[in-house]
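With full-length UniProt numbering applied, the sequence shown corresponds to residues 3 to 480, in that order. We treat Cβ as the ideally placed atom computed from N, Cα and C, and that holds for glycine.
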Amino acid sequence: GTAQIGVTGLAVMGRNLARNFARNGFTVAVHNRTAAKTRALVEEFGSEGTFVPAESAEEFVAALERPRRLVIMVKAGDPTDAVIQEFAPLLEEGDVIIDGGNAHFADTRRREKELRERGIHFVGTGISGGEEGALHGPSIMPGGSAESYASLGPMFEKIAAKAPDGTPCVTHVGPDGAGHFVKMVHNGIEYADMQLIAEAYHLLRAVAGYSPAQIAETFRTWNTGRLDSYLIEITAEVLAHTDAATAKPFVDVVADQAEQKGTGRWTVQIALDLGVPVSGIAEAVFARSLSGHAPLREASRSLPGPAARPLGEDDAGRFADQVEQALYASKIVSYTQGFHQIQAGGDAYDWGIDLGSVAAIWRAGCIIRAAFLDRIREAYDAQHDLPSLLSDKQFAEEIGAAQDDWREVISAAARHGVPTPGFSAALAYYDALRAERLPAALTQAQRDFFGAHTYRRTDREGSFHTLWGGDRSEVRTD
Ligand code: 6PG
Numbered sequence: 003g004t005a006q007i008g009v010t011g012l013a014v015m016g017r018n019l020a021r022n023f024a025r026n027g028f029t030v031a032v033h034n035r036t037a038a039k040t041r042a043l044v045e046e047f048g049s050e051g052t053f054v055p056a057e058s059a060e061e062f063v064a065a066l067e068r069p070r071r072l073v074i075m076v077k078a079g080d081p082t083d084a085v086i087q088e089f090a091p092l093l094e095e096g097d098v099i100i101d102g103g104n105a106h107f108a109d110t111r112r113r114e115k116e117l118r119e120r121g122i123h124f125v126g127t128g129i130s131g132g133e134e135g136a137l138h139g140p141s142i143m144p145g146g147s148a149e150s151y152a153s154l155g156p157m158f159e160k161i162a163a164k165a166p167d168g169t170p171c172v173t174h175v176g177p178d179g180a181g182h183f184v185k186m187v188h189n190g191i192e193y194a195d196m197q198l199i200a201e202a203y204h205l206l207r208a209v210a211g212y213s214p215a216q217i218a219e220t221f222r223t224w225n226t227g228r229l230d231s232y233l234i235e236i237t238a239e240v241l242a243h244t245d246a247a248t249a250k251p252f253v254d255v256v257a258d259q260a261e262q263k264g265t266g267r268w269t270v271q272i273a274l275d276l277g278v279p280v281s282g283i284a285e286a287v288f289a290r291s292l293s294g295h296a297p298l299r300e301a302s303r304s305l306p307g308p309a310a311r312p313l314g315e316d317d318a319g320r321f322a323d324q325v326e327q328a329l330y331a332s333k334i335v336s337y338t339q340g341f342h343q344i345q346a347g348g349d350a351y352d353w354g355i356d357l358g359s360v361a362a363i364w365r366a367g368c369i370i371r372a373a374f375l376d377r378i379r380e381a382y383d384a385q386h387d388l389p390s391l392l393s394d395k396q397f398a399e400e401i402g403a404a405q406d407d408w409r410e411v412i413s414a415a416a417r418h419g420v421p422t423p424g425f426s427a428a429l430a431y432y433d434a435l436r437a438e439r440l441p442a443a444l445t446q447a448q449r450d451f452f453g454a455h456t457y458r459r460t461d462r463e464g465s466f467h468t469l470w471g472g473d474r475s476e477v478r479t480d
């Protein structure tokens, strides 16, 4: 075979990824379950580079130079296993299968292990950036063996997005499922970012009394500062858009029920298993599910709350500035939580993930790309074992400078009856981390009372139990 890489699964992501490889000078074998899509790709985009269309699995495998590099771009779950079952028997030792879908990292670990035993490299690869990213340069998060990365890395570097300093947004994240794990947390952070932006919008609408067009303007301004990011940019676009059919703001004609395909939920499920408090991401997932409970919301509509009374023009401007502070502070917290989860996952699975590199490859191409990520990279590059992003001096200073406004925004939200689960959870996390003493002491004492679960003391080593049902004397239990 002559093709340096093959792509099977030519829905929009696979098609655009194949085109990206071809546009960068690689010979690309293309294959799809239904051959019509393969033909259509070559017909429409054949002039962009060198494609080798293959109708059958055998033809596809034969088109690839050895060691074969085969990217599968199909729906995560059973379809991925089916494609692996189809191709693996046709492959030889040293060949590489790359799964570019949004697979669960546990599936990736299982597949990697099975294929490794057959001498085949399996590289679970997070690819972010949607259709546009796949074509013009995504952020790429490959796992799998270091050996497979040696040959894949240079190819990925060519097709990946480039950070403002020119660095390609790809790195070998770590072995087996590390790439898909990091992509999962990327999506969790994506959910949190989107929820925080939605809360800022809601506050500007309900408390400041701004129109969607005015809010679009506000977001545009924010996008020139420290909040500069793809998600803020597209938020301004969406809010400025008018529905053609009704001439109403587009955001007012979209049903207010947010769906999810699962990566945000996985992030929270895994965080619970790892014992990492990702409350901001969890609230974002819950906010989507709450929005979808139509009958519950209908039944609750008449519950009492404060009457709508937007601020006057002068106060509104000041409030908008405070919302920017609250949004920025909450964003620092959700990234703090997300990076904590990556650190914990990396430790639990022994992946050796470098957090600075993760921040670096999220600077361009992916959905959460933002100027902010370069700051995170700097923080981790300066101190590899930074206990938390909040222990970085600059982030600590910024959040400290924002905290007064952050608190005022959340109290205004409560007074006006605007839900801010993301902002509030972020502030609670911040205050809990700051606290000299937490009421966890009381929780632990209760556990000892009803279940003899024991406790440790602040003044002495050891574990203890109080004889609550008896004379309330204390016994040492270790
Ligand atoms: C990306 C995105 C993408 C994800 C969508 C939809 O990085 O390009 O994260 O992978 O599938 O954002 O996610 P939900 O349907 O769960 O909102």
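Inset, instruction - Could you name the residues that DSSP lists as bridge partners for R71? - result: Walking along the sequence shown from the start, residue 71 turns up at place 69. Paired residues: V98.
Legend entry - G8 - DSSP class collapsed to helix/strand/coil: On the sequence shown, position 6 is the one that residue 8 refers to. Note: G8 maps to strand in three-state DSSP.
Legend entry - Through-space distance from D97 to F124, alpha-carbon basis: The sequence position of residue 124 within the sequence shown is 122, counting from 1. The sequence position of residue 97 within the sequence shown is 95, counting from 1. Those two C-alpha atoms are separated by around 9 Å.
Legend entry - DSSP three-state assignment for P421, whether helix, strand or coil: Position 419 of the sequence shown, counted from the first residue, corresponds to residue 421. In the structure shown, P421 sits in coil (DSSP, three-state: anything other than H, G, I, E or B).
Legend entry - Proximity to Q327 [Cα-Cα], best of A404, Q448, P55, H138: As a first step, residue 327 is located in the sequence shown; it is residue number 325 there, counting from the start. Per the Cα distances, A404.
Inset, instruction - Find out if the Cβ-Cβ distance for the pair S281, A194 is shorter than 7 Å. - result: For the purposes of this step, residue 281 is identified with residue 279 of the sequence shown, where counting begins at 1. For the purposes of this step, residue 194 is identified with residue 192 of the sequence shown, where counting begins at 1. Going by C-beta atoms, S281 is not nearer than 7 Å to A194.
Inset, instruction - Report yes if the CB atom of G102 is closer than 7 Å to the CB atom of V73, and no otherwise. - result: Locating residue 102 in the sequence shown gives position 100, counting from the first residue. Locating residue 73 in the sequence shown gives position 71, counting from the first residue. In contact: G102 and V73 (Cβ atoms closer than 7 Å).
Inset, instruction - Could you tell me which uninterrupted alpha helix (DSSP H) segments, each at least 4 residues in length, are contained entirely in the stretch 76 to 158, listed from first to last along the chain? - result: Entirely contained in the stretch 76 to 158, the alpha helix (DSSP H) runs reaching 4 residues are, in chain order, 80 to 89, 107 to 119, 132 to 138.
Inset, instruction - Name, in chain order, the residues that DSSP records as bridge partners for V477. - result: To locate residue 477, count along the sequence shown from 1; it is residue 475. Its beta-bridge partners are H467.
Inset, instruction - Identify every run of the alpha helix (DSSP H) within the stretch 364 to 442, keeping only runs that are complete inside it and at least 4 residues long; order them along the chain. - result: 374 to 384, 395 to 418, 423 to 436
Inset, instruction - Could you tell me whether the Cβ atoms of I7 and R71 are closer together than 7 Å? - result: Walking along the sequence shown from the start, residue 7 turns up at place 5. Walking along the sequence shown from the start, residue 71 turns up at place 69. Yes.
Inset, instruction - Assuming G121 contacts G145 (C-beta within less than 8 Å), just tell me the rounded distance between them. - result: As a first step, residue 121 must be located in the sequence shown, where it is residue number 119. As a first step, residue 145 must be located in the sequence shown, where it is residue number 143. Contact doesn't hold; Cβ gap of about 18 Å is too wide.
Legend entry - H386 versus R299 - alpha carbon distance: Translated into positions along the sequence shown, residue 386 becomes position 384. Translated into positions along the sequence shown, residue 299 becomes position 297. For H386 and R299, the distance between alpha carbons rounds to 46 Å.
Inset, instruction - Take N18 and list the residues in its own chain whose beta-carbon comes closer than 7 Å to its own, dropping the five residues that flank it on each side. - result: In the sequence shown, residue 18 corresponds to position 16, counting from 1. E133, A136, L137.
Inset, instruction - Report whether the distance from the Cβ of G131 to the nearest heavy atom of ligand 1 is below 6 Å. - result: The residue labelled residue 131 in the question sits at position 129 within the sequence shown. Yes, ligand 1 has a heavy atom inside 6 Å of this Cβ.
Inset, instruction - Give the DSSP bridge partners of Y457, in chain order. - result: What you label residue 457 is simply residue 455 of the sequence shown in a count that begins at 1. Answer is F466, bridged to Y457.
Inset, instruction - Identify whether A31 lies in helix, strand or coil by the three-state DSSP scheme. - result: In the sequence shown, counting from the first residue as 1, residue 31 sits at position 29. Correct three-state label for A31: strand.
Inset, instruction - Label G307 either buried or exposed according to how many other C-beta atoms from any shown protein chain fall within 10 Å of its C-beta, with 16 as the threshold for buried. - result: Along the sequence shown, read from residue 1 onward, the residue named residue 307 stands at position 305. Classification for G307: exposed.
Inset, instruction - Look at the alpha carbon of A373 and the alpha carbon of T468, and state the distance between them as a whole number of angstroms. - result: For the purposes of this step, residue 373 is taken as the residue at position 371 of the sequence shown. For the purposes of this step, residue 468 is taken as the residue at position 466 of the sequence shown. Those two C-alpha atoms are separated by around 53 Å.
Inset, instruction - Would you check whether ligand 1 has a heavy atom nearer than 6 Å to the C-beta of Q197? - result: The residue you call residue 197 lines up with position 195 of the sequence shown. No, the beta carbon of Q197 sits no closer than 6 Å to any heavy atom of ligand 1.
Legend entry - Exposure label - D450; buried when at least 16 CB within 10 Å: Position 448 of the sequence shown, counting from 1, holds the residue named residue 450. With a threshold of 16 other beta carbon atoms within 10 Å, D450 meets it and is buried.
Legend entry - Buried/exposed call for T220, threshold 16 Cβ in 10 Å: Taking the first residue of the sequence shown as position 1, residue 220 is located at position 218. When all chains shown are included, T220 counts as buried.
Legend entry - residue 509, buried or exposed, once every other Cβ within 10 Å from all chains shown has been counted against 16: No answer is possible for residue 509: the residues shown for the chain start at 3 and end at 480.
Legend entry - Any 3 or more C-beta pairs closer than 8 Å across the stretch 172 to 190 and the stretch 396 to 413: no
Legend entry - Proximity below 7 Å, CB of R25 to CB of E50: Within the sequence shown, numbered from 1, the residue matching residue 25 stands at position 23. Within the sequence shown, numbered from 1, the residue matching residue 50 stands at position 48. In this structure, E50 lies closer than 7 Å to R25 by Cβ.
Legend entry - Segment contact, 8 Å Cβ cut-off, at least three pairs: the stretch 287 to 301 with the stretch 254 to 269: At 8 Å Cβ cutoff, the stretches touch.
Inset, instruction - Please state if the CB of E239 and the CB of N225 are separated by a distance shorter than 7 Å. - result: Position 223 of the sequence shown, counting from 1, holds the residue named residue 225. Position 237 of the sequence shown, counting from 1, holds the residue named residue 239. Contact: no.
Inset, instruction - For I369, verify whether its CB is less than 6 Å away from any heavy atom of ligand 1. - result: Counting from one through the sequence shown, the residue named residue 369 turns up at place 367. Answer for I369: yes, Cβ within range of ligand 1.
Inset, instruction - Would you check if there are 3 or more beta carbon pairs closer than 8 Å linking the stretch 339 to 352 to the stretch 274 to 288? - result: yes
Inset, instruction - Following the continuous alpha helix (DSSP H) through P297, name the residue where it begins and the one where it ends. - result: Counting from one through the sequence shown, the residue named residue 297 turns up at place 295. For P297, the enclosing alpha helix (DSSP H) starts and ends at 296 to 302.
Legend entry - ligand 1 heavy atom lying under 6 Å from the CB of E192: By one-based count along the sequence shown, residue 192 stands at place 190. For ligand 1, at least one heavy atom lies less than 6 Å from the Cβ of E192.
Inset, instruction - Report all residues from its chain with a CB closer than 7 Å to the CB of R21; omit the five preceding and five following residues, and keep chain order. - result: Against the sequence shown, residue 21 aligns to sequence position 19. Closer than 7 Å at the Cβ level, and outside the excluded window around R21, lie F47, E50, L137.
Legend entry - Residues that P170 bridges to, as DSSP identifies them: Sequence index remark: in the sequence shown, residue 170 carries index 168 (1-based). Paired residue(s): K164.
Inset, instruction - Leaving aside the five residues before and after V270 along the sequence, list all residues of the same chain whose C-beta is less than 8 Å from its C-beta, in chain order. - result: Here the question's residue 270 lines up with position 268 in the sequence shown. G190, V280, I283, A284, V287.
Legend entry - Collapsed DSSP secondary structure at V44 in the structure displayed: Walking along the sequence shown from the start, residue 44 turns up at place 42. For V44, the three-state secondary structure derived from DSSP is helix.
Inset, instruction - Using 6 Å as the cut-off, classify the Cβ of N104 as near or not near the heavy atoms of ligand 1, replying yes or no. - result: The residue given as residue 104 occupies position 102 in the sequence shown. Yes, since a heavy atom of ligand 1 falls inside the 6 Å radius drawn around the Cβ of N104.
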